[in-house]
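Those letters in the sequence shown? Residues 0 to 128, per numbering that gives the first Met the number 0, in order.
C-beta atoms are modelled at their ideal positions from N, C-alpha and C, and glycine is treated no differently.
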Amino acid sequence: MRRGILAYRAVDFLSTHLPDTSGPGEECLLLVHVRQIVGQIHYRLCTHCAQGVITTIVIDERFHSTGLATRALSHLRPRHPGLAWRSTLRKRTTRELLLRMRIPAATSAAPCHHAHQAPTHPAPILATG
Numbered sequence: 000m001r002r003g004i005l006a007y008r009a010v011d012f013l014s015t016h017l018p019d020t021s022g023p024g025e026e027c028l029l030l031v032h033v034r035q036i037v038g039q040i041h042y043r044l045c046t047h048c049a050q051g052v053i054t055t056i057v058i059d060e061r062f063h064s065t066g067l068a069t070r071a072l073s074h075l076r077p078r079h080p081g082l083a084w085r086s087t088l089r090k091r092t093t094r095e096l097l098l099r100m101r102i103p104a105a106t107s108a109a110p111c112h113h114a115h116q117a118p119t120h121p122a123p124i125l126a127t128g
């Protein structure tokens, strides 16, 4: 019971874009409890096709069976309205979660052909020294 309350009250969601990834729209939703990352959901977005593909779900073991993964996936829908969500995950535990959330399996990890296009802006050059 206490872990469930922690999962709903004391965990914040922070969204970030992943730089230097294989394609556009690479995102990560961090689940943070008292300045410690207790989970991550990696996903790809394509606004051209209105699709989102969940590629990884990692939840700290102490937060298993608390509803935190369900809450995190539910958080993605209003954060990215109008997208159709799919998943590339195949493990039994994540498959059951995705069935409950009505997120179908994707046929490939790339959301669409836009994911293979080169970025429109050059990568930043970092100075070393």
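| Item | Value |
| --- | --- |
| Within the continuous beta strand (DSSP E) that includes R43, where are the two ends? | Q35 to C45 |
| With 16 other CB atoms within 10 Å as the buried threshold, where does H115 fall? | Its pLDDT being 49, under 50, H115 is placed unreliably by the model, and the measurement read from it follows with that caveat. H115 should be labelled exposed. |
| For L30 and E60, what's the separation of their Cα atoms in angstroms? | 13 Å |
| Go through the segment 40 to 109 residue by residue and report every complete run of the beta strand (DSSP E) that reaches 3 residues or more, in order. | 50 to 58 and 83 to 86 |
| So L96 and T65 are supposed to be a Cβ contact under 8 Å. How far apart are they, rounded? | Actually they do not touch by this definition, with Cβ atoms about 12 Å apart. |
| Just the C-alpha distance for I102 and Y42, rounded to the nearest angstrom, thanks. | 13 Å |
| When you compare the CB positions of V57 and G38, do they come within less than 8 Å of one another, or not? | yes |
| Which term fits S73, buried or exposed, when burial requires 16 or more other beta carbons within 10 angstroms of its beta carbon? | exposed |
| Just the C-alpha distance for A136 and L67, rounded to the nearest angstrom, thanks. | With the chain running from 0 to 128 in the structure shown, residue 136 is simply not present. |
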